[in-house]
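Participant:
6 protein chains.
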Amino acid sequence: MILKIDQLPIELPKPNNPSPNNAAAVQELLGGKFGEMSTLMNYTYQSFNFRGRKKLRPFYDLICSIAGEEYGHIEVVSYTINLLLTGASKRGMDPTTTPLANGVDARNTYHFIASGQSALPVDSMGNPWTGQNVFSSGNLKLDLLHNFFLECGARANKMRVYEMVDDPTARTMVGYLLVRGGVHVVAYARALEKLTGVQVTKLLPIPDLSNDPFPEARKFMDNKLHLKLYSFSQDDYKQAGLIWNGPHPEDGQPLEFIHGAIPGHTPPDLEEEPQLNAPGGEDFDPQMFADMAKKMGINYAY
Amino acid sequence: MILKIDQLPIELPKPNNPSPNNAAAVQELLGGKFGEMSTLMNYTYQSFNFRGRKKLRPFYDLICSIAGEEYGHIEVVSYTINLLLTGASKRGMDPTTTPLANGVDARNTYHFIASGQSALPVDSMGNPWTGQNVFSSGNLKLDLLHNFFLECGARANKMRVYEMVDDPTARTMVGYLLVRGGVHVVAYARALEKLTGVQVTKLLPIPDLSNDPFPEARKFMDNKLHLKLYSFSQDDYKQAGLIWNGPHPEDGQPLEFIHGAIPGHTPPDLEEEPQLNAPGGEDFDPQMFADMAKKMGINYAY
Amino acid sequence: MILKIDQLPIELPKPNNPSPNNAAAVQELLGGKFGEMSTLMNYTYQSFNFRGRKKLRPFYDLICSIAGEEYGHIEVVSYTINLLLTGASKRGMDPTTTPLANGVDARNTYHFIASGQSALPVDSMGNPWTGQNVFSSGNLKLDLLHNFFLECGARANKMRVYEMVDDPTARTMVGYLLVRGGVHVVAYARALEKLTGVQVTKLLPIPDLSNDPFPEARKFMDNKLHLKLYSFSQDDYKQAGLIWNGPHPEDGQPLEFIHGAIPGHTPPDLEEEPQLNAPGGEDFDPQMFADMAKKMGINYAY
Amino acid sequence: MILKIDQLPIELPKPNNPSPNNAAAVQELLGGKFGEMSTLMNYTYQSFNFRGRKKLRPFYDLICSIAGEEYGHIEVVSYTINLLLTGASKRGMDPTTTPLANGVDARNTYHFIASGQSALPVDSMGNPWTGQNVFSSGNLKLDLLHNFFLECGARANKMRVYEMVDDPTARTMVGYLLVRGGVHVVAYARALEKLTGVQVTKLLPIPDLSNDPFPEARKFMDNKLHLKLYSFSQDDYKQAGLIWNGPHPEDGQPLEFIHGAIPGHTPPDLEEEPQLNAPGGEDFDPQMFADMAKKMGINYAY
Amino acid sequence: MILKIDQLPIELPKPNNPSPNNAAAVQELLGGKFGEMSTLMNYTYQSFNFRGRKKLRPFYDLICSIAGEEYGHIEVVSYTINLLLTGASKRGMDPTTTPLANGVDARNTYHFIASGQSALPVDSMGNPWTGQNVFSSGNLKLDLLHNFFLECGARANKMRVYEMVDDPTARTMVGYLLVRGGVHVVAYARALEKLTGVQVTKLLPIPDLSNDPFPEARKFMDNKLHLKLYSFSQDDYKQAGLIWNGPHPEDGQPLEFIHGAIPGHTPPDLEEEPQLNAPGGEDFDPQMFADMAKKMGINYAY
Amino acid sequence: MILKIDQLPIELPKPNNPSPNNAAAVQELLGGKFGEMSTLMNYTYQSFNFRGRKKLRPFYDLICSIAGEEYGHIEVVSYTINLLLTGASKRGMDPTTTPLANGVDARNTYHFIASGQSALPVDSMGNPWTGQNVFSSGNLKLDLLHNFFLECGARANKMRVYEMVDDPTARTMVGYLLVRGGVHVVAYARALEKLTGVQVTKLLPIPDLSNDPFPEARKFMDNKLHLKLYSFSQDDYKQAGLIWNGPHPEDGQPLEFIHGAIPGHTPPDLEEEPQLNAPGGEDFDPQMFADMAKKMGINYAY
């Protein structure tokens, strides 16, 4: 089970300009083969399916902790897409003004027809994420090798999307993911090291470029975010600390395992898009809620 | 973001017998168009994408709360599948004994080849779950109508899987889901009522059969589980209580909104399946962890 | 079985200009999840699969009648796409002039490679329509709820495509579909009302915007086309009139059930596109047909 | 546009026994790459997309006529599947008796979970029909060649499904389709002959076996059904007779072109399956309809 | 089994300019339904699956020979795509310069994210090639008819891509494929003629336009490349010469069967794209290889 | 380009009994995500797409050599499937005897309907192989890591299929693939070692079980087949020997690089299946070929 926190792991700046095509490109990091849906679901299913946990519980706890973090990643990529799409068409209630004309030439028309200028679990070509992206063989060494490869592939995708999009919202988000995905790369490499004794971390970085040339990533590393693994749990998964320890393979600073979640930030308010009837509800009378809220002692204001 | 809890919402009995084909049928409730992956991901994306939250926050909070519960549902369906598959082939390390012979005629060969006799995000025909199953139009009334329909369709699927499989693990799980899915049916019906004034709950039950003839569901209803909506959050989503209140449409008992998660149960231990090298790791020396655990004050025993 | 009528339900104006990207956007209304292929096939399969028809025949007849109309809808959307694509590349027989250069940057290259600048059963991203879009549970209440939701979702898609495309061909067609789709929304809402007694029509309009701000739709409503349900049969499906009656939920005018098809219009002639060898047949000698036609008393002129 | 006729082109015998796996195999003839959905949709889209009709109208009319017939083919295959599935599980309203136990080992679990023991647009492996199966190049010669190949491939599939299933419902249906599909094979071969002068009909039969060894087909041929092409229209498509004439390539009897539809038969009543809540509606009071029917002069009895 | 030759069948000129959208269009000829992946895989599987070879070996040998050639076709299309994508973004190692900005509006973002500006087995819309494109019925006449149709469809696609793209690399490649695909069209037509006696070659050309108006094709025909079928084997498939003989159906020149492969050309060097870390390996010390090469007598220079 | 050799790399024994379900399971090794289609196509595309070859040519040559071998692997898996399906239904020309009755309950009905009891590029659930399985990032380190993981995953699949199927044809084939796939595992591990200096081979075996307990694999290892890498080329790819050298990581014997192909064996004759019209051609007169063969000096006997 999970407890939700209505917060994002970072504060997302507003985009300079709405950009449907930037949003479309960023979708690769959400619903692509190497997107956050894939990392989330791979580790989630591997955790459910983990056989013979006792002796190997530190590995189970590591996979569970990382799975927990990935949820925040689908969230932060989705909000980035949503911000890039906010204001991307003409606001208003009159359909004859062709308010969605921008959508015709846009790379992802689903953003204008299926969703209300918002994120969908699809990739940069609009192809849906699929369960075929989940690998869960049950063999720990093979699953860890998969995860190590998956994170490296995901890292390549992040770097390339960064190079495509110069918007500050997208770059802040990608910088953050490069750092946190970098933690996961190291975590699975360390897990393989613990399991086999082979110095897998020496293969890093894959691809060959480090995170240093990405200023937005560097900022997070200056705050030591590349050194910390979070359990994303109040009480569980503490044995992950048996794997996440020792020096960081790239800068030698000490790795740190932390119970709980990354400190969070209120998610951005997404403005209404009346030309999409999103959210609609013009006839709805909030006073009904206000009255009831007062009676029930619930905080509600409109 | 989320915090994970290493617990299931119910205690799952052991199956009477392993049954790959029962497991294959239950997959529909996980990765089918109306499976728990779909409910989880629909509400998750709708929550990320919700525009103009202020006035409509009770609806946002409701969707978020239900999204939080659905995670536990993919978990409990996955564990059911895993239990049904545990012991479903001949245990041992000698491949010449054809230990996986059972798998040849089984309905889902992925369970034996791709996974280690464990769950995958696929449906009862082995077709993968896909992001095409996510509906997120941004129009609140339409999204709520979708969710109401989705939950009714999911209810039909649950009833039919129940009628296919008489194993106690599966039936306990489905009984639970019928009750909790029933809560979500009512929740979305109530949300539509609050938004429009139309008495949508009077359409229930859909399909026409109530939960009463399902003894495993009745047991949970005797514990009033059909009356309670949980926020699945420590601090957030409290305005969902402005929608979830009043009498239950079927038995008239008072609906109750509860902060936090459903009280949980330790998930079952999944036995090793050595013929699948799941989890493998025979050469791994746990003493290394034991020593380190002692030094770091972490609880580890093997 | 069916009898075909070589006519469209409306007269389609010629586009102001060819526009491949407008055509690509309109494809969503043909082959999208909420396109006319989906409405056609959902009701068609539900009609084949309807169990226990006797007592419930008015519902069967209603579904059959609407299924009949949907065929004309895939037709009119296809012709709209075909008109938007006619003349969209350089006409002529010399391939070295790069006559299809326009196609390279177009949103849907299939229009230039797979088809002869004409419609395909794909959506606005070029993804094919799939049988997964058909819902046919066999439970009448659930199927009707599905259909009601499907039509509302389809309505949202139509409104959004209208807002994307200002071409008169497309807008005339969408205006027509908004009105006729509106009839189907009301029809399924009425059917649920008859079955359950709940005032489902009060939920309308979904999404929140009515058809009034769409001038092309208003024109059809001025002709009372939003009030009439057609049986699309010479002799059958007459009991649909037991559901389609009473006042229209939005303007209170009396609903009217009509035997037969909507009065039709000759479909537009689609010009040749020689650079695509569409239709080719330059060597074919029509005189052979002319001679034979004369002998057989068949009307043929070239 | 179309007019529907609530009749099947043949009278379907009842199956000897319900058989889910026979039904699953027959699905290939409905939703397979060479199934009736494919023939229907190929000719339908080719007809919408036909450029430069004037000189080539006999070809247009031929394609339209055959498209018209194919609708009756998806219908008759669907009813065959429905009859094979009727009674395929235990009837009753008590879910605890595991009434759908049969479904667990069945080849197509969608028949028991997604549909109410009824047809779906999927193939014999449960994979959905897809718009990728539609070929519409706009070049007449190529489209006709495609159609000729498609019908030959469809014929091979029909022969093989016949050889898999000995049920009289299925065999009657396949026998009928072999004869009518045989008409379409000849029709497209003749069309190619008219267009090019090449004696394409001499390639027949493809595959090498004729329809003679199929007794159910022979019965229809005894009634000369292999000689007749129907326009499936009241007023249109008459120029198809310019192609469909002369002697049949296999037995030399004269081909005959007929205006209108094949004489029809009332479709079978599909019994209720209460364990699937199909159709449900137990609470529905038909007297309401009866009263209204009386008032409106509509024929309704329950 | 195969032996590889590190050569292309033609010399590819460099493109005038990099062009991601031209590359995207050319993908249809690689991974489209009628692309070279399809021809390669159809004939490959048909050859593996060929039953009763003895009497029919000339047909087997023909299919094998053509299958052998198709490998070179996926190769030459891939290199064309690679050349069109080389230099299509800004070279350099600094991600902050947004070197991949071009990719955002490009038709195929996979070229920039998934691949290193290089070919993928997808079509012009980025949809992946699929095994559903393989037809292998086992009936020789039907398989040959399929292959004949497939080659005609492929020819139409080639002509249309030629008309879309005026780049010399692409046009040289398409000109070559038109000629060689033309050989395959004739080969399958001849095979049908041998098998049935029907003059299938008289149907040509399909589509109606010959290869003559394509100057790049004409150049290859001047070298008689349209007359020669190669066995693509050192020792096998010689009986294909029993089918490939006689006069060419379009110009009457004698067909010629040749043992072995088409004379080849060194493939172009693909430049590094450092902004994609393609190929990376900056830290790799080639001296290690140089030393070892010297010792082992292997030719290696850097 | 390639030259084909009409030989298999091993001699395949005949199956003890035909077995459609064993054949269906073996399909995973052909068309599954980790099947031979995937290894073949991954390395093939990586070789086409390899940028900056000069310094890194040994890696290019290694990938090309392995790509060459994989073609023989799709061949040997296909023949295994074909042998398992030969005789799997009742032979004869009378369809009324229901000769394909076996197919109804079989796991893969495509084997009986789409193919002539022969292989298709699909997996063990009948899902088609897809181009999404190809990874080609252009970054050498990442591509090699992918290939290493892919081969380990493929190895797990082979081991599991071995454990499912005790037929000697299948086991001989899988034993062979385990050895040769094992060569590829080591080859990519060695390549990573050469590129990075990290002792990746020490991770082996993955999964944890070695090839020793597989008697059919052991037999090939006794012939030192686990030590030899073949160039699968007459003249090219010789620099692969700079990577493939030194001791084998498991038994310390010296690795050996060999120019050319593995010594081959005549593929088995696949018997006719007349009930499938495979191959048909009963009317074909081979004397025509015999006469021509004599005249042309070609070896043809029937």
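Protein chains in written order, with my numbering: chain X, 404 to 705; chain F, 404 to 705; chain S, 404 to 705; chain W, 404 to 705; chain C, 404 to 705; chain Y, 404 to 705. Glycine included, every Cβ here is placed at the ideal spot set by N, Cα and C.
1. Using DSSP bridges, identify the partner residues of Phe-660(Y).
2. With respect to the alpha helix (DSSP H) encompassing Lys-407(C), which residues constitute its N-terminal and C-terminal limits?
3. Give me, in chain order, the residues of the same chain whose beta-carbon lies closer than 7 Å to that of Glu-439(X); leave out the 5 immediate sequence neighbours on both sides.
4. Can you name the residues of chain F whose CB is closer than 8 Å to the CB of Ile-716(S)?
5. Let me make sure I understand the geometry here. Which of Pro-657(F), Asn-550(F), Leu-580(F) has the alpha-carbon closest to that of Val-564(F)?
6. Return the first residue and the last residue of the alpha helix (DSSP H) that Asn-424(W) is part of.
7. Is any beta-carbon of chain S found at less than 8 Å from that of Ile-646(X)?
8. Please check if any C-beta of chain Y sits within less than 8 Å of the C-beta of Val-525(X).
9. What residue does the alpha helix (DSSP H) around Lys-458(F) start on, and which one ends it?
10. Check whether chain F comes within 8 Å of Val-589(S), counting only Cβ atoms and requiring the distance to be less than that.
11. I'd like to know if the region 407–424 of chain W and the region 644–662 of chain C are in contact, where contact means that at least 3 CB-CB pairs between them fall below 8 Å.
12. Using the beta-carbon count (16 or more within 10 Å), is Gln-430(C) buried or exposed?
13. Can you pull the chain X residues whose beta carbon is under 8 Å from the beta carbon of Thr-501(C), in chain order?
14. Which term fits Asn-614(S), buried or exposed, when burial requires 16 or more other beta carbons within 10 angstroms of its beta carbon?
15. Using a Cβ-Cβ cut-off of less than 7 Å, give me the residues of the region 407–433 of chain X that come near chain C, in sequence order.
16. For the region 504–516 of chain W, list every residue whose C-beta sits within 8 Å of some C-beta in chain F, in sequence order.
17. Between which two residues does the alpha helix (DSSP H) containing Ile-516(F) stretch?
18. Which of helix, strand or coil does DSSP assign to Val-619(W)?
19. Under a three-way DSSP split, which group does Ala-414(S) fall into?
20. Taking three-plus beta-carbon pairs below 8 Å as touching, is the region 684–703 of chain F in contact with the region 505–513 of chain F?
21. Assign Met-496(Y) to one of two classes, buried (16 or more other C-beta atoms within 10 Å of its C-beta) or exposed (fewer than that).
22. What residues from chain Y crowd round Phe-617(W), counting only those whose CB sits closer than 9 Å?
23. I'd like to know whether the C-beta of Asn-680(F) is nearer than 8 Å to at least one C-beta of chain W.
24. Hey, out of Ala-491(C), Thr-575(C), Pro-671(C), Val-537(C), whose CA is closest to Met-385(C)'s CA?
25. Applying a beta-carbon distance threshold of less than 9 Å, which residues of chain C neighbour Pro-652(Y)?
26. Distance cutoff 8 Å, beta carbons only. Does Val-601(W) sit that close to anything in chain C?
27. Taking the alpha helix (DSSP H) that Met-496(F) falls in, what are its first and last residues?
28. Classify Ala-594(S) as buried or exposed, calling it buried when 16 or more other Cβ atoms lie within 10 Å of its own Cβ.
29. Just verifying my parser: in three-state terms, what is the DSSP assignment at Ala-704(F)?
30. Leaving aside the five residues before and after Phe-515(S) along the sequence, list all residues of the same chain whose C-beta is less than 6 Å from its C-beta, in chain order.
31. Could you check which residue in Asp-611(W), Asn-425(W), Ser-422(W), Gln-520(W) has the C-alpha nearest to that of Leu-673(W)?
32. For the region 539–547 of chain W against the region 584–602 of chain W, are there 3 or more C-beta pairs whose distance is under 8 Å?
33. Tell me the rounded alpha-carbon separation between Thr-604(C) and Gly-585(C).
Facilitator: This is what the structure gives:
1. Leu-632(Y)
2. Looking at the DSSP string, Lys-407(C) is not in any alpha helix (DSSP H); the run it does join, the beta strand (DSSP E), is 405–407.
3. Leu-432, Leu-433, Glu-473, His-476, Ile-477, Val-480
4. Absent from the model: residue 716(S). The displayed extent of chain S is 404 to 705, so no value can be given.
5. Leu-580(F)
6. Going by DSSP, Asn-424(W) is part of the alpha helix (DSSP H) stretching over 423–429.
7. No, because no Cβ of chain S sits closer than 8 Å to the Cβ of Ile-646(X).
8. no
9. Annotation: the continuous alpha helix (DSSP H) that includes Lys-458(F) extends over 456–488.
10. No, Val-589(S) lies away from the interface with chain F (no Cβ there is under 8 Å from its Cβ).
11. no
12. Of the other Cβ atoms in all chains shown, 16 or more fall within 10 Å of the Cβ of Gln-430(C); this residue is therefore buried.
13. Per Cβ cutoff of 8 Å: Glu-566, Met-567, Val-568, Asp-569.
14. buried
15. Asn-424, Asn-425, Ala-428, Glu-431
16. Ala-504, Gly-506, Val-507, Asp-508, Asn-511, Thr-512, Tyr-513, Phe-515, Ile-516
17. 513–516
18. Checking the sequence shown, residue 619(W) turns out to be Glu, not Val. The answer is helix: DSSP assigns Glu-619(W) an H, G or I state.
19. Reading off the sequence, residue 414(S) comes out as Glu, not Ala. In this structure, Glu-414(S) counts as coil in the three-state DSSP scheme.
20. no
21. exposed
22. In chain order, Pro-498, Thr-499 make up the part of chain Y whose C-beta sits under 9 Å from the C-beta of Phe-617(W).
23. Not closer than 8 Å to any Cβ of chain W, the Cβ of Asn-680(F) fails to qualify, so no.
24. The shown model of chain C, from 404 to 705, leaves out residue 385(C), and the question about it has no answer.
25. Near Pro-652(Y) there are no residues of chain C at all, since even the closest Cβ is about 18 Å away, more than 9 Å.
26. yes
27. No alpha helix (DSSP H) contains Met-496(F), which DSSP labels as neither H nor E.
28. buried
29. coil
30. Leu-503, Gly-506
31. Gln-520(W)
32. Remark: three or more beta-carbon pairs, one from each stretch, lie closer than 8 Å, so the region 539–547 of chain W and the region 584–602 of chain W are flagged as touching.
33. 11 Å
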